[in-house]
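First to last, the sequence lines map onto chains A and B.
Residue 345, in our numbering, is where the first sequence stops; the numbers in between run on with no holes.
Residue 690, in our numbering, is where the second sequence stops; the numbers in between run on with no holes.
Protein chains: 2
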Amino acid sequence: MKVSEIGEFGLIDRLARIVGRGGDGVVKGIGDDAAVLEPAVGGGRLLASCDMQVDGYHFELEQITPEQLGHRVLAVNISDIAAMGGRPRWALVTLGLTPDIEVEFAERLYRGLHKLAEEFGVSIVGGDTCRSPERLVVDVAILGEAHAKGVLLRSGARPGDLLLVTGEVGSSAAGLACLRAQEELDRAGIGPETTSRLVSAFLTPIPRIGAGRFFVECGLVTSTDDISDGLASETNEIAQASGVGFRVWAEHLPVAPETKEVAGVLGEDPLRWALYGGEDFELLFTLRPGSGSQAVEDFIQAAEEAAGIPVTVIGEAVPASEGVKLVHGGEMTDLRPGGYDHFRD
Amino acid sequence: MKVSEIGEFGLIDRLARIVGRGGDGVVKGIGDDAAVLEPAVGGGRLLASCDMQVDGYHFELEQITPEQLGHRVLAVNISDIAAMGGRPRWALVTLGLTPDIEVEFAERLYRGLHKLAEEFGVSIVGGDTCRSPERLVVDVAILGEAHAKGVLLRSGARPGDLLLVTGEVGSSAAGLACLRAQEELDRAGIGPETTSRLVSAFLTPIPRIGAGRFFVECGLVTSTDDISDGLASETNEIAQASGVGFRVWAEHLPVAPETKEVAGVLGEDPLRWALYGGEDFELLFTLRPGSGSQAVEDFIQAAEEAAGIPVTVIGEAVPASEGVKLVHGGEMTDLRPGGYDHFRD
């Protein structure tokens with residue numbers, strides 16, 4: 001059986017069965033955004049995660065500057081710490097370089113890394129460089145410290161919780177489309193005033209550390225996941241980890257007007273980008289509604305202040321037996337995990 | 346300027362200048378076997394390192410079983426924790442897989458990883474899988490905890506210290522030569538009774554955790570480095586980090602009789618393998634000689650018991666102005682770092 005037949009998630013599941021999900025000093029092993037670790041010394045908890053990006057799959061070297069690439073590879077890792085409500089601290093960076101690559105390219109990539117690292121209080125403390133003959137590969141391992149009040153897992157959602165998301169969904173997929181269809185958009189008179197925000201969402205996402213930390217502090221957020229594969233995929237991850245179902249209200253998804261405009265010109269469906277495009281690196285989370293709508297409104301206001309971006313209610317958790325469904329134009333359909341899979345074409 | 350012109354070490358030096366070698370909670374950043382980190386919570390110190398291995402460079406898929414490869418990629422990472430005198434705890438594993446790869450291959454690789462991980466008390470707590478179209482790439486990030494008594498750095502050697510090494514040097518290079526020249530060795534009547542130990546030294550090295558921990562405990566070891574690039578390279582690393590020179594006595598190098606036998610048949614120089622072959626993953630270290638030869642003999646006996654392998658004096662530290670030299674047959678020549686460089690041919 002080929003890896004391409006069972007896909008990325010099927011593979012991870014099989015490998016996790018071999019090494020297990022626990023262990024000495026392991027609070028949470030394989031299966032969340034980051035591992036939660038408990039050193040023998042001290043009472044703190046560490047967070048650890050890694051993410052590899054490969055030229056031609058995660059990015060195209062012609063479409064991204066080295067500085068942007070440095071930002072991007074670190075941002076997607078910091079995002080995993082955000083999804084745990086933690087504080088990012090240290091990163092290890094492995095570069096697999098083609099031998100003809102310019103030293104200046106690697107230096108510019110590191111300048112992009114360093115700039116974002118400084119913004120988020122991360123130190124680059126090591127790594128490895130080696131030859132990757134055919135294409136650039138960048139792997140980052142990130143270490144963080146958990147919030148003293150705890151961590152955000154995928155597994156705490158309960159029926160009745162609200163489903164929310166930070167920022168916008170679909171902007172990253174729209175940005176990628178802008179890069180790929182530049183000429184077509186030019187011809188339609190769609191310029192940088194429309195596309196630049198979207199392109200930035202794809203190339204240089206901003207990890208939601210402030211939001212994640214607020215979610216731990218407020219004590220009302222019951223589960224969190226960052227949107228890497230796609231909203232549909234992550235909604236199903238929370239559903240599975242928590243043992244609940246979901247209703248996702250299509251009309252409530254925070255899709256930017258620019259995303260709709262670009263989709264219109266290119267004949268694409270902005271809802272598809274929002275649900276399956278992925279790489280928004282926003283936080284998808286569930287909220288215990290507490291004492292009614294005023295409490296929810298208060299939470300949203302406080303969350304928006306902490307995060308510096310809008311926060312939107314997009315659905316609700318239901319019993320697992322009711323499944324994960326999209327409610328759209330009065331119709332209800334299954335919302336299947338349909339995000340990007342590295343091993344399927 | 347191409348990366349291939351300045352080489353791996355020139356590149357690392359330039360990148361380290363961009364991101365710096367310090368930072369908040371960074372006791373030791375880029376420039377040793379592992380980073381030494383100080384979490385805000387608790388009084389412990391963490392060790393972190395990573396190492397990527399690429400098919401066709403670090404190994405050849407036709408020459409290594411998946412289980413052996415799993416062992417190898419983890420062993421070279423655990424070795425970095427050994428060189429710091431630490432305890433390995435957790436690992437993240439990133440697989441870049443060709444899409445036609447069999448699920449069974451990945452599972453067997455993970456079984457090899459898991460077996461070694463269990464032996465050394467390491468939990469595999471996460472990772473990433475993605476597509477690497479042309480060749481298999483495995484990157485491991487390892488986390489450890491420092492010994493309560495401190496860490497072993499490269500920078501503590503002083504003139505008058507003795508230079509020692511655990512186990513044998515050159516066995517790994519000899520093992521690689523055995524794999525490459527199997528037919529020639531068969532014709533010369535050199536069989537597995539000679540080659541199997543060497544091949545194992547190359548394919549499935551044993552990290553020297555017990556030795557490293559003993560070095561911290563005894564308080565007499567002033568610097569340590571693990572032999573990845575080659576004895577000549579690592580001797581120069583300690584020399585540079587400590588601000589000393591070295592005399593390395595060629596006749597004292599612990600080269601296995603099997604290595605000499607294979608080198609003889611293949612017309613190779615076993616001393617070259619011992620100095621430049623690399624990937625022995627033994628610990629090279631300096632010892633404060635203390636109160637004379639009896640103290641050194643006592644140390645060696647205790648170290649061999651702790652490590653379960655022989656420990657050999659191979660040279661001495663001298664003032665930096667006297668350089669790093671090889672003493673061989675009464676002659677003294679410069680011992681230049683000449684280990685493997687991923688970016689030079």
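Built from N, CA and C at the ideal position, the CB exists for glycine as well.
Can you find a C-beta in chain A that's less than 8 angstroms from the C-beta of residue i?
i	result
serine 349 of chain B	yes
glycine 375 of chain B	The sequence as given places isoleucine at residue 375 of chain B; glycine does not occur at that position. Cβ-Cβ to chain A under 8 angstroms: yes for isoleucine 375 of chain B.
isoleucine 423 of chain B	no
arginine 558 of chain B	no
leucine 598 of chain B	no
serine 517 of chain B	no
glutamate 447 of chain B	yes
isoleucine 357 of chain B	yes
serine 578 of chain B	no
methionine 346 of chain B	yes
alanine 462 of chain B	yes
Report back the beta-carbon spacing between residue i and residue j to the nearest angstrom; my notes put them in contact at under 8 angstroms.
i	j	result
asparagine 77 of chain A	serine 49 of chain A	6 angstroms
threonine 580 of chain B	leucine 629 of chain B	7 angstroms
threonine 540 of chain B	glutamine 413 of chain B	Threonine 540 of chain B to glutamine 413 of chain B, Cβ: 15 angstroms. No contact.
alanine 522 of chain B	leucine 454 of chain B	About 25 angstroms separates the two Cβ atoms, so there is no contact after all.
glycine 489 of chain B	isoleucine 551 of chain B	That pair is no contact at about 17 angstroms.
glycine 370 of chain B	proline 384 of chain B	7 angstroms
glycine 683 of chain B	tyrosine 621 of chain B	5 angstroms
leucine 356 of chain B	valine 372 of chain B	The pair is not a contact, with the Cβ atoms about 24 angstroms apart (cut-off 8 angstroms).
alanine 239 of chain A	valine 324 of chain A	5 angstroms
Quick check on residue i: buried or exposed, where buried means 16 or more other Cβ atoms within 10 Å of its Cβ?
i	result
glutamine 356 of chain A	Nothing about residue 356 of chain A can be read from this structure; chain A reaches only from 1 to 345.
proline 319 of chain A	exposed
lysine 149 of chain A	exposed
aspartate 345 of chain A	Caution is warranted here: a pLDDT of 46 is assigned to aspartate 345 of chain A, below 50, making its placement in the model unreliable, and the coordinate value is therefore given only provisionally. Exposed, because fewer than 16 other Cβ atoms sit within 10 Å of the Cβ of aspartate 345 of chain A.
arginine 187 of chain A	exposed
methionine 84 of chain A	buried
aspartate 128 of chain A	buried
proline 615 of chain B	buried
glycine 264 of chain A	exposed
threonine 259 of chain A	buried
glycine 536 of chain B	exposed
glycine 505 of chain B	exposed
leucine 167 of chain A	Correcting the residue identity first, residue 167 of chain A is glycine in this sequence and not leucine. It counts as buried.
arginine 434 of chain B	buried
If we call anything under 8 angstroms between Cβ atoms a contact, is residue i one with residue j?
i	j	result
serine 155 of chain A	serine 233 of chain A	no
valine 125 of chain A	leucine 92 of chain A	yes
proline 634 of chain B	valine 510 of chain B	no
phenylalanine 246 of chain A	glycine 315 of chain A	yes
serine 228 of chain A	phenylalanine 299 of chain A	no
glycine 719 of chain B	leucine 632 of chain B	A question about residue 719 of chain B goes unanswered here, because the residues of chain B that appear run from 346 up to 690.
glycine 308 of chain A	glycine 210 of chain A	yes
histidine 403 of chain B	lysine 460 of chain B	no
glycine 230 of chain A	glycine 278 of chain A	yes
valine 641 of chain B	leucine 507 of chain B	yes
valine 140 of chain A	aspartate 51 of chain A	yes
alanine 546 of chain B	serine 516 of chain B	yes
glycine 44 of chain A	glycine 387 of chain B	yes
alanine 317 of chain A	arginine 158 of chain A	yes
valine 607 of chain B	leucine 680 of chain B	no
glutamate 107 of chain A	isoleucine 487 of chain B	no
Who are residue i's beta bridge partners in DSSP?
i	result
histidine 252 of chain A	According to DSSP, histidine 252 of chain A bridges with nothing at all.
aspartate 128 of chain A	A:Thr94
lysine 28 of chain A	A:Val36
proline 347 of chain B	Here the sequence assigns lysine to residue 347 of chain B, which means proline is not the residue at that position. Answer by DSSP bridge pairing, in chain order: A:Glu102.
valine 244 of chain A	A:Pro319
arginine 87 of chain A	A:Glu145
Any beta-carbon of chain B closer than 8 angstroms to the one on residue i?
i	result
leucine 136 of chain A	no
threonine 94 of chain A	yes
methionine 52 of chain A	yes
isoleucine 238 of chain A	no
valine 41 of chain A	yes
tyrosine 276 of chain A	no
proline 205 of chain A	no
isoleucine 18 of chain A	yes
arginine 349 of chain A	In the structure as shown, chain A begins at 1 and stops at 345. Residue 349 of chain A is therefore absent and cannot be evaluated.
glycine 156 of chain A	no
arginine 72 of chain A	no
Identify the contact partners of residue i in chain C, using a Cβ-Cβ distance below 9 angstroms as the criterion.
i	result
valine 151 of chain A	No chain C appears in this structure, whose protein chains are A and B.
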